[in-house]
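Contents: one structure, followed by commentary.
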Amino acid sequence: MFREMRRKNQALSAEACREILSRGSTGILAVQGDDGYPYTVPLNFVLDGDRIYFHCARQGHKLDAIRRSSKVSFCVVDRDQVLPEVFSTQFASVVVFGRARVVEDPEECHHGLVKLLEKYAPAFMEAGQKEIRAEWDAVQVVAIEIEWLSGKTDKRSMEANG
Ligand SMILES: Cc1cc2nc3c(=O)[nH]c(=O)nc-3n(C[C@H](O)[C@H](O)[C@H](O)COP(=O)(O)OP(=O)(O)OC[C@H]3O[C@@H](n4cnc5c(N)ncnc54)[C@H](O)[C@@H]3O)c2cc1C
Numbered sequence: 021m022f023r024e025m026r027r028k029n030q031a032l033s034a035e036a037c038r039e040i041l042s043r044g045s046t047g048i049l050a051v052q053g054d055d056g057y058p059y060t061v062p063l064n065f066v067l068d069g070d071r072i073y074f075h076c077a078r079q080g081h082k083l084d085a086i087r088r089s090s091k092v093s094f095c096v097v098d099r100d101q102v103l104p105e106v107f108s109t110q111f112a113s114v115v116v117f118g119r120a121r122v123v124e125d126p127e128e129c130h131h132g133l134v135k136l137l138e139k140y141a142p143a144f145m146e147a148g149q150k151e152i153r154a155e156w157d158a159v160q161v162v163a164i165e166i167e168w169l170s171g172k173t174d175k176r177s178m179e180a181n182g
């Protein structure tokens with residue numbers, strides 16, 4: 021059901037995709053928004069096995085969309101270097117397709133928030149745990165179960181890295 025990349029020689033390995041998802045700071049979530057319009061929104065996130073977690077407020081456009089349809093896409097740009105002299109760009113990016121799930125289980129919510137803390141604020145774990153307790157009632161954790169993922173880089177980078 022999911023498509024193969026047309027330019028297979030530019031495809032990144034599964035391992036390289038996971039590395040990009042691990043180090044990426046921002047991803048763009050695409051959901052099926054209002055009235056048939058796609059809605060894309062930037063988010064911080066963490067990869068945890070075959071799952072991505074993000075956190076957000078308990079209401080809003082993206083949550084309404086996810087509740088209507090769990091099918092989402094998520095894109096992370098790892099590199100974007102414009103080379104004007106050759107009218108090209110050195111890039112690497114990953115595209116994920118999956119199912120978003122509003123996490124209801126408190127233990128899993130806590131797990132997702134701790135994973136986010138470990139990624140974004142590892143030097144502030146204790147203060148972060150306090151923040152989790154303070155914001156508990158206001159925060160929603162969402163999991164994206166990854167169903168398909170692909171990574172792509174430009175030809176020049178692919179050749180340079182063998
Ligand atoms: C680098 C980065 C990281 C972020 N990380 C997080 C995160 O981890 N968790 C989180 O909850 N939020 C994060 N945000 C904010 C996020 O992009 C959304 O603004 C927020 O999640 C609210 O989304 P919503 O659909 O509930 O907004 P709503 O207020 O319900 O959206 C209503 C409308 O507001 C507009 N809108 C909403 N967000 C944006 C936006 N970012 N830019 C432009 N227009 C917008 C859209 O037109 C949307 O239809 C981040 C933003 C950036 C730029």
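Number 21 in the numbering used here belongs to position 1 of the sequence shown; there are no gaps in the numbering.
Backbone N, C-alpha and C fix where the C-beta goes; we use that ideal spot for every residue, glycine too.
Residue from the options whose Cα sits closest to the Cα of residue i
i: Val92; options: Ala180, Asp125 and Ala50; result: Ala50
i: Ile72; options: Ser177, Leu32 and Ser42; result: Ser42
i: Arg99; options: Phe22, Gly171 and Met25; result: Gly171
i: Leu169; options: Phe94, Ser89, Lys175 and Met178; result: Phe94
i: Val96; options: Asp55, Thr173, Ala180 and Glu179; result: Thr173
i: Arg88; options: Glu155, Glu179, Tyr59 and Leu136; result: Tyr59
i: Arg38; options: Pro104, Leu67 and Gly53; result: Leu67
i: Asp55; options: Cys76, Ala77 and Asp84; result: Asp84
i: Gly44; options: Lys139, Glu24 and Gln79; result: Lys139
Beta-carbon proximity check, residue i vs residue j, cutoff 7 Å
i: Val114; j: Ile48; result: no
i: Val183; j: Cys129; result: The requested residue 183 does not occur in the structure, where the chain is confined to residues 21 to 182.
i: Ala120; j: Ile86; result: yes
i: Phe74; j: Val162; result: yes
i: Gly118; j: Ile152; result: no
i: Val61; j: Lys82; result: yes
For residue i, the first and last residue of its enclosing alpha helix (DSSP H)
i: Val134; result: Pro126 to Tyr140
i: Arg43; result: Ala34 to Arg43
i: Asp84; result: His81 to Arg88
Cβ of residue i within 7 Å of any chain C Cβ
i: Met178; result: The chain labelled as chain C is not found in the depicted structure, where only one protein chain is given.
Coil, strand or helix - residue i by DSSP
i: Gln5; result: In the structure as shown, the chain starts at 21 and stops at 182, and residue 5 therefore has no counterpart that could be examined.
i: Phe144; result: helix
i: Arg176; result: helix
i: Val51; result: strand
i: Val123; result: coil
Range covered by the beta strand (DSSP E) that runs through residue i
i: Tyr57; result: Neither: Tyr57 is in no beta strand (DSSP E) and is coded neither H nor E.
i: Lys91; result: Lys91 to Leu103
i: Asp68; result: Val66 to Asp68
Stretch-stretch touch, CB-based, cutoff 8 Å, three pairs: the segment 136 to 150 with the segment 26 to 38: no
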